[in-house]
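Here the sequence shown is numbered in the numbering used here, starting from 961 and rising by one per residue.
A virtual CB, placed ideally from N, CA and C, is assigned to each residue, including glycine.
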Amino acid sequence: MHELRSKIEEAVRAIRRHSARSPRVGIILGTGLGGLAAQIESSQAIPYASVPYFPASTVESHAGQLVCGKLRGVDVIAMEGRFHFYEGYSMQEVTFPVRVMRALGVEILIVTNAAGGMNPHHDLADLVIIEDHINLMGDNPLRGPNDAALGPRFPDMSHPYDRPLMALAQQTALELGIPCRKGVFVAVAGPNLETRAEYRMLRSMGADLVGMSTVPEVIVAAHAGLRVLGFSIVTDLCLPDALEPADIKQIIEVAGRGGERLSRLIPHILEKLEQV
Ligand code: HPA
C-alpha cells in the first residue's frame, strides 16, 4: 500500500481510540475562531501531539487540537489550529489532516482564515465567502506520486468551492443580518506581509483577499472529492496607495471580532445542511 495511505490509516486509528464518532463535517479554524470550538457539544479534544504524523503547531494564536462532537445536531471534527507552509512544513504535512478527516468519513470541509482585504469595498472584520482561489504559494500538495485510491492525478478545479453551500451560507448570513461578501482568495507563502507593489499585482490579478493558508487544504479537499465552503475574515486593509504598517496584534484582535460573527453563522449553516 502507498506510504501516505498507511499513515492516514494509522492517524485514523489513533483518533478512533479517543472518539468513536463518524464526523460528517470537518472545520479548519483559523485565527480568531476559537469561539466556535467551544460551541461543540459532547466534545472530545484530541491534542495533535497524540495523532501520528500530525506536526506540532508553532503559531501562538493557534491551539493545536482536534475537537470532535456535535454542532447543531451534526457530527463535526474541528481543527483548532492549522499547519502553515511558512512554519516550514511541507505541503503534504500541511494537508495531512484533510486526508485524515476524509478517511474518518467527512464529506464537507469548512475552511476559515484571516486575510488581507484588497478590495476597496471591504472593511475590517468583514466576512467573505471564498468563491475561488489563486495558488501563488510556489508549491502544490499533490506534487509527487499520485495514489489513485485518494484521488485523480489531474484533479478538476473548475469549482473547488461548492456552489450550493455558498448559496446556503449567503442566504443564512442574510437571515441573521450578518454582512457577508464573496471574493477571490490568493494564497502566498509568507511569512512576511506584502509590499505595496505586490498588493497592486495581486489585486490586478483578480484577487480580493490575500493570505498564507487554506489553498493547500482546498486543493487536497478537491482531490479527495470533498465539498468545500471557505470563509475569510478581513483583518487588514491592503490598499497599496494608503498602506499602513501591519500590526499583528491588531490583526489578531480584528480576527477575533470577525470570528465571533463567523462562529454565529456556521452553526446556523450546519442546521440547514440537509437543504443542500
Ligand atoms: N497578507 C498575507 N496574509 C495575511 C494578510 C496580508 O495582508 N493579512 C492576514 N493574513
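| Other residues of its chain near tyrosine 1046: CB distance less than 7 Å, five sequence neighbours each side excluded | By one-based count along the sequence shown, residue 1046 stands at place 86. Ala1149, Gly1150, Pro1151, Met1172, listed in sequence order.
| said: Going by the DSSP bridge assignment, what does methionine 1039 pair with across the sheet? | reply: Position 79 of the sequence shown, counted from the start, is the residue given in the question as residue 1039. BP columns for methionine 1039 point to Ile988, Leu1026.
| So, helix, strand or coil for proline 1112, using DSSP? | What you label residue 1112 is simply residue 152 of the sequence shown in a count that begins at 1. Correct three-state label for proline 1112: coil.
| task | Let me know the secondary structure DSSP gives lysine 1232 once reduced to three states. | result | Position 272 of the sequence shown, counted from the first residue, corresponds to residue 1232. Reduced to three states, the DSSP call for lysine 1232 is coil.
| said: Cutting at 6 Å between CB atoms, please list the residues of its own chain near alanine 1076, excluding the five before and the five after it. | reply: Translated into the one-based positions of the sequence shown, residue 1076 becomes position 116. For clarity, residue 1076 is glycine in the given sequence; the question names alanine instead. If we look at glycine 1076 and ignore the five residues flanking it on each side, its Cβ neighbours are Val1170, Asp1196, Cys1198.
| glycine 1137, buried or exposed, once every other Cβ within 10 Å from all chains shown has been counted against 16 | By 1-based counting over the sequence shown, the position of residue 1137 is 177. Under this definition glycine 1137 is an exposed residue.
| task | Check whether the Cβ of glycine 1219 sits closer than 7 Å to any heavy atom of ligand 1, and report yes or no. | result | Counted from its first residue, the sequence shown places residue 1219 at position 259. Checking every heavy atom of ligand 1 against the Cβ of glycine 1219, none is found closer than 7 Å.
| Using a threshold of 7 Å, is the CB atom of isoleucine 1211 nearer than that to any non-hydrogen atom of ligand 1? | As a working mapping, residue 1211 is identified with position 251 in the sequence shown. Isoleucine 1211: yes, Cβ under 7 Å from ligand 1.
| Taking DSSP as the reference, what is the three-state secondary structure of threonine 1174? | Counted from its first residue, the sequence shown places residue 1174 at position 214. Reduced to three states, the DSSP call for threonine 1174 is coil.
| If you compare alpha carbons, which of Thr991, Ala1108, Ser1192 is closest to glutamate 963? | Here residue 963 refers to the residue found at position 3 when the sequence shown is read from its first residue. Measuring from the Cα of glutamate 963, the nearest candidate turns out to be Ala1108.
| query | Residues in its own chain within less than 8 Å of valine 1144 by CB, not counting five upstream and five downstream? | reply | Sequence index remark: in the sequence shown, residue 1144 carries index 184 (1-based). Hits under 8 Å: Ile1090, Glu1091, Asp1092, His1093, Ile1094, Gly1166, Ala1167, Asp1168, Leu1169.
| Out of Met1051, Ala1206, Gln1130, Ala1074, which has the shortest C-alpha to C-alpha gap to glycine 1098? | Here residue 1098 refers to the residue found at position 138 of the sequence shown. Closest option to glycine 1098, Cα to Cα, is Met1051.
| query | With C-beta atoms as the reference, is threonine 1132 less than 8 Å away from isoleucine 1000? | reply | Taking the sequence shown and counting its residues from 1, one reaches residue 1132 at position 172. Taking the sequence shown and counting its residues from 1, one reaches residue 1000 at position 40. Cβ distance not < 8 Å, so threonine 1132 and isoleucine 1000 don't count as in contact.
| request: In angstroms with no decimal places, state the Cα-to-Cα distance between alanine 1202 and proline 1139. | output: As a working note, residue 1202 is residue 242 in the sequence shown. As a working note, residue 1139 is residue 179 in the sequence shown. Answer to the nearest angstrom: the Cα atoms are 24 Å apart.
| Coil, strand or helix - threonine 1195 by DSSP | By one-based count along the sequence shown, residue 1195 stands at place 235. In the structure shown, threonine 1195 sits in a strand (DSSP, three-state: E or B).
| message | Taking the beta carbon of methionine 1039 as the centre, do at least 16 other beta carbons fall within 10 Å, making it buried, or is it exposed? | response | Locating residue 1039 in the sequence shown gives position 79, where the first residue counts as 1. Under this definition methionine 1039 is a buried residue.
| Should lysine 1142 and valine 1214 be called a contact, given that it needs their Cβ atoms to be closer than 8 Å? | In the sequence shown, residue 1142 corresponds to position 182, counting from 1. In the sequence shown, residue 1214 corresponds to position 254, counting from 1. No, Cβ-Cβ distance for lysine 1142 and valine 1214 is not below 8 Å.
| task | Pick out the complete beta strand (DSSP E) segments inside the segment 1079 to 1111, 3 residues or longer, and give them in chain order. | result | 1087 to 1096
| Spatial neighbours of serine 1021 in its chain, beta-carbon cut-off 7 Å, leaving aside the 5 residues before and after | Here the question's residue 1021 lines up with position 61 in the sequence shown. Its pLDDT being 49, under 50, serine 1021 is placed unreliably in this model, and the coordinates cannot settle the point.
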